[in-house]
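Chains as they are written, first to last, in our numbering: chain B, 1 to 336; chain D, 1 to 336.
Pasting the structure below:
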């Protein structure tokens, strides 16, 4: 009853009333549907698990990552994939190769020999990857990256719409002088750097604000770049009133620089980040408004695709980043 | 040549001279030993890998973790275990159970059915764990935790010596009024909380400084507790000149509180942390001096024990934490 209520997002009392079809209880069809669907899902899970426990051996989905399993960034990818696999009675077994190609080859051959139902081929950050051809023997999904050969289906964050949304949020708060400290140069070709920049430009142009190159900097995604470039930006003849830091670590450097300059966030300068790193963004003072990468959802979706038996046609599925509002952005004051 | 030099920690020129036994080149026996040992290790690895690649299937060591693989804290445990396993031509395959006992049971049965060479049973943080009995069928090591039944060998950080070393470091800098903000109450029984406290007391007593309960607080390991308790400690009639924050997150809260109080780290108050969280400690301003948990070494050691075929006798192997010096501790001034 408790699990059904949680799955359906309703109270236990509601579950009880709906399931017992108590006359006189008035719930919308949507609520009733949610409860019945939750029962179905949980029943399905329970059956899948009972089968696994009866037979003693679960089917497996392999998860090969460069260093995604050992980095502090993308653990939620594995969590999402793991949960989705287990809902269908499958285990997710992860091998972390640290980028070692020989280890990767041995891992893949071993996984294939154990007849895994599919393989998730994941990267620590969004990039174009060279996927081993041997994976064509098994349903494979490229995760948090894109197959540069255009063969396997890929799932990655929608960087452009994320950059657009971050900038749009600052525009809606009335800002027009909006700086950008990007995570890498555009020449790097990194989807995160190129996409977030594109989103920034698109949002400004959509609002009739022209892009001022004096307000744009290209860092390397870590604190010192946020620090250094904020100091530079604040020395501009017309400094920005808001800055889009294209990752949270850069935003942290920005906070530190503003503090040293005697400026307050958000009263003097608004800051928006990107990533929603759980060990960082909520703990900054003030809490950082930022875009969250859809790690958990991407992990779940990759396993969905394997279970659905999707055909590889090089399709890239981009998943939206969510805006997480905290307290680092303020409406612009008249005087600015 | 490059790999041998790296393994031995010497230059490529040295490797060349030692291996070719160039007359007149004068290296210590220790250096020569290092080079020869590196050649041996790498040869062994290459052979192990060649065998794996020839046979197509690697042996496996299972790694079952609660949420260690998906948390941002202990990825280096997996990295260490993975590397050590692969040096012997074995794959480390990780399953993250998120604490779900049914999933854990299915995972273990599946791993055992695939004839893993052993199992590493790991936890996200140091605690007493209830290890499934089915693991008695296979060489098993409890990692970053201790088997509460006292059966399996366990590997865990040496919390007491870590707490001792942190406090000793402050004492050596001349501090006598040393505060402690612990990560949990002593009643919690958490080895990290109890051990670090013991180390603190032992160091103070060893230096003839009596423990002042007014300078000790018990938080919950996160920023707000560091913040709140530093504010309290600084209101004491005789405030501390240095504070041992029993984890880095608490130390971050301490920094934030001191900033709001207009106090500088380390000029006004010295701070030492615990954990050396890579996304936090080096990036604080000033960089945080802290103790590093031996994650990578513990991961390696767990696989060592499995490969050595150790007998389970409930032995607990504690591994030392290393002091990482940055800039948050200063010698006490005469005036204080």
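Built from N, CA and C at the ideal position, the CB exists for glycine as well.
Query raised in the report: Who pairs with residue 182/D in a beta bridge, going by DSSP?
Result: Taking the first residue of the second chain as position 1, residue 182/D is located at position 182. As DSSP reads the structure, residue 182/D sits in a beta bridge with 218/D.
Query raised in the report: Could one say the Cβ of residue 289/B lies closer than 7 Å to chain D's Cβ atoms, at least one of them?
Result: Your numbering for residue 289/B matches position 289 in the first chain. With its beta carbon at least 7 Å from every one in chain D, residue 289/B lies outside the interface.
Query raised in the report: DSSP puts residue 345/D in a beta bridge; with which residues?
Result: Because chain D here runs from 1 to 336, residue 345/D falls outside it and cannot be looked at.
Query raised in the report: Looking at residue 140/D and the ligand PLP, is the gap between the Cβ and the nearest heavy atom below 6 Å?
Result: What this structure holds is no ligand at all, so the ligand PLP is not there to describe.
Report task. Taking residue 290/B and residue 324/B to be in contact with their CB atoms under 8 Å, please state how far apart those CB atoms are, rounded to whole angstroms. Result -> As a position in the first chain, residue 290/B is number 290, starting the count at 1. As a position in the first chain, residue 324/B is number 324, starting the count at 1. Yes, residue 290/B and residue 324/B are in contact; Cβ-Cβ is about 5 Å, under 8 Å.
Query raised in the report: Does the distance from the C-beta atom of residue 251/D to that of residue 270/D stay below 7 Å?
Result: For the purposes of this step, residue 251/D is taken as residue 251 along the second chain, with counting starting at 1. For the purposes of this step, residue 270/D is taken as residue 270 along the second chain, with counting starting at 1. No, the pair does not count as a contact, with Cβ atoms beyond the cut-off.
Query raised in the report: Looking only at C-alpha atoms, which of 220/D, 215/D, 86/D sits nearest to residue 231/D?
Result: The residue given as residue 231/D occupies position 231 in the second chain. Restricting attention to 220/D, 215/D, 86/D, the CA atom closest to the CA of residue 231/D is found in 215/D.
Query raised in the report: With a cut-off of 7 Å, does the C-beta of residue 135/D fall near any C-beta of chain B?
Result: Translated into positions along the second chain, residue 135/D becomes position 135. Chain B contact via Cβ: absent.
**Report entry** Integer Cβ distance of residue 200/D from residue 163/D, believed to fall under 8 Å
**Finding:** Reading the second chain from its first residue, position 200 is the one you call residue 200/D. Reading the second chain from its first residue, position 163 is the one you call residue 163/D. Contact holds; Cβ gap of about 5 Å.
Report task. Could you tell me which of 91/D, 287/D, 130/D sits nearest to residue 110/B, measuring between CA atoms? Result -> The residue you call residue 110/B lines up with position 110 of the first chain. Ranking the options by Cα distance to residue 110/B, first place goes to 91/D.
**Report entry** Opposing strand residues paired with residue 244/D [DSSP bridges]
**Finding:** By 1-based counting over the second chain, the position of residue 244/D is 244. According to the DSSP secondary-structure assignment, residue 244/D is paired through a beta bridge with 180/D, 272/D.
Query - Segment limits, alpha helix (DSSP H) that includes residue 227/D - result: Counting from one through the second chain, the residue named residue 227/D turns up at place 227. Looking at the DSSP string, the run of the alpha helix (DSSP H) that includes residue 227/D is 223 to 234.
**Report entry** Cβ contact check for the segment 127 to 135 of chain D and the segment 284 to 303 of chain D: 3 or more pairs under 8 Å
**Finding:** Fewer than three beta-carbon pairs drawn from the segment 127 to 135 of chain D and the segment 284 to 303 of chain D are found closer than 8 Å, and the two stretches are therefore not classed as touching.
Report task. Could you tell me whether any Cβ in chain D is nearer than 7 Å to the Cβ of residue 250/B? Result -> Here residue 250/B refers to the residue found at position 250 when the first chain is read from its first residue. Answer no: the Cβ-Cβ gap between residue 250/B and chain D never drops below 7 Å.
Report task. Within the same chain, show all residues whose beta-carbon is closer than 6 Å to that of residue 256/B, passing over the 5 residues directly before and after it, in chain order. Result -> In the first chain, the residue the question calls residue 256/B occupies position 256. 227.
Query raised in the report: Does any C-beta atom of chain B lie closer than 7 Å to the C-beta of residue 301/D?
Result: As a working mapping, residue 301/D is identified with position 301 in the second chain. Contacts with chain B at 7 Å (Cβ-Cβ) do not include residue 301/D.
Query raised in the report: Which residues in the same chain as residue 286/B place their Cβ atom closer than 8 Å to its Cβ, once the five residues preceding and following it in sequence are excluded?
Result: Stepping through the first chain from its first residue, residue 286/B is reached at position 286. Cβ within range, chain order: 265, 266, 326, 327, 328.
Query raised in the report: How about residue 138/B and residue 119/B: do their beta carbons lie closer than 7 Å?
Result: Walking along the first chain from the start, residue 138/B turns up at place 138. Walking along the first chain from the start, residue 119/B turns up at place 119. The Cβ atoms of residue 138/B and residue 119/B sit closer than 7 Å to each other.
Query raised in the report: Nearest-angstrom Cα distance between residue 4/B and residue 312/D?
Result: Your numbering for residue 4/B matches position 4 in the first chain. Your numbering for residue 312/D matches position 312 in the second chain. Each residue's alpha carbon lies about 42 Å from the other.
Requested in this report: Could you say which of 308/D, 319/D, 322/D, 314/D lies nearest to residue 84/D if we only look at CA atoms?
Outcome: Residue numbering aside, residue 84/D sits at position 84 when the second chain is read from its first letter. Minimum Cα distance to residue 84/D is reached at 308/D.
Report task. Decide if residue 20/B is buried, meaning its Cβ has at least 16 other Cβ atoms within 10 Å, or exposed. Result -> Numbered from 1 along the first chain, position 20 holds the residue referred to as residue 20/B. It counts as exposed.
Report task. Please go through the same chain and pick out, in chain order, the residues whose beta-carbon is closer than 7 Å to the beta-carbon of residue 284/B, but skip the five residues on each side of it. Result -> The residue labelled residue 284/B in the question sits at position 284 within the first chain. Spatial neighbours of residue 284/B in its own chain (CB-CB distance under 7 Å, excluding positions within 5 residues in sequence) are listed in chain order as 252, 255.
**Report entry** First through last residue of the beta strand (DSSP E) which encompasses residue 279/D
**Finding:** Working through the second chain from its first residue, we reach residue 279/D at position 279. From DSSP, residue 279/D is part of no beta strand (DSSP E); its letter is neither H nor E.
Query - For residue 17/B and residue 281/D, the rounded distance between their alpha carbons - result: Here residue 281/D corresponds to residue number 281 of the second chain, with the count starting at 1. Here residue 17/B corresponds to residue number 17 of the first chain, with the count starting at 1. Going by the C-alpha atoms only, they are around 52 Å apart.
Query raised in the report: If we call anything under 7 Å between Cβ atoms a contact, is residue 293/B one with residue 157/B?
Result: Here residue 293/B is taken as the residue at index 293 of the first chain, counted from 1. Here residue 157/B is taken as the residue at index 157 of the first chain, counted from 1. A Cβ-Cβ contact shorter than 7 Å links residue 293/B with residue 157/B.
Query raised in the report: Hey, residue 167/B and residue 152/B are a contact pair by Cβ (cut 8 Å); roughly how many whole angstroms apart?
Result: Here the question's residue 167/B lines up with position 167 in the first chain. Here the question's residue 152/B lines up with position 152 in the first chain. Actually they do not touch by this definition, with Cβ atoms about 32 Å apart.
**Report entry** Which of helix, strand or coil DSSP assigns to residue 97/D
**Finding:** On the second chain, position 97 is the one that residue 97/D refers to. Assigned with DSSP and collapsed to three states, residue 97/D falls in coil, not helix or strand.
Requested in this report: Just mark residue 2/B as buried or exposed, buried being the case when its beta carbon has 16 or more other beta carbons within 10 Å.
Outcome: In the first chain, the residue the question calls residue 2/B occupies position 2. Counting of Cβ neighbours within 10 angstroms places residue 2/B among the exposed residues, the total staying below 16.
Report task. Would you kindly report the start and end of the unbroken beta strand (DSSP E) that includes residue 122/D? Result -> In the second chain, the residue the question calls residue 122/D occupies position 122. From DSSP, the beta strand (DSSP E) with residue 122/D extends over 118 to 122.
Query raised in the report: Relative to chain B, which residues along the segment 202 to 234 of chain D have a C-beta separation below 7 Å, given in chain order?
Result: Answer in chain order: 223.
Query raised in the report: In whole angstroms, what is the alpha-carbon distance linking residue 224/D and residue 34/D?
Result: In the second chain, counting from the first residue as 1, residue 224/D sits at position 224. In the second chain, counting from the first residue as 1, residue 34/D sits at position 34. Looking at the two C-alpha atoms, the distance is approximately 48 Å.
Query - Partner residues on chain B for residue 103/D, Cβ-Cβ distance less than 7 Å - result: As a position in the second chain, residue 103/D is number 103, starting the count at 1. Within 7 Å Cβ-Cβ: 86.
Query - Host beta strand (DSSP E) of residue 1/B (start-end) - result: As a working mapping, residue 1/B is identified with position 1 in the first chain. Judged by DSSP secondary structure, residue 1/B falls outside any beta strand (DSSP E); it is assigned neither H nor E.
Query raised in the report: Just curious, the beta strand (DSSP E) that residue 62/D is in, first and last residue?
Result: Position 62 of the second chain, counted from the start, is the residue given in the question as residue 62/D. Where residue 62/D is concerned, the enclosing beta strand (DSSP E) stretches over 59 to 65.
Requested in this report: Would you mind working out which of 321/D, 9/D, 261/D, 42/D sits nearest residue 31/D, comparing C-alpha positions?
Outcome: As a first step, residue 31/D must be located in the second chain, where it is residue number 31. Selected option, being the one with the closest Cα: 9/D.
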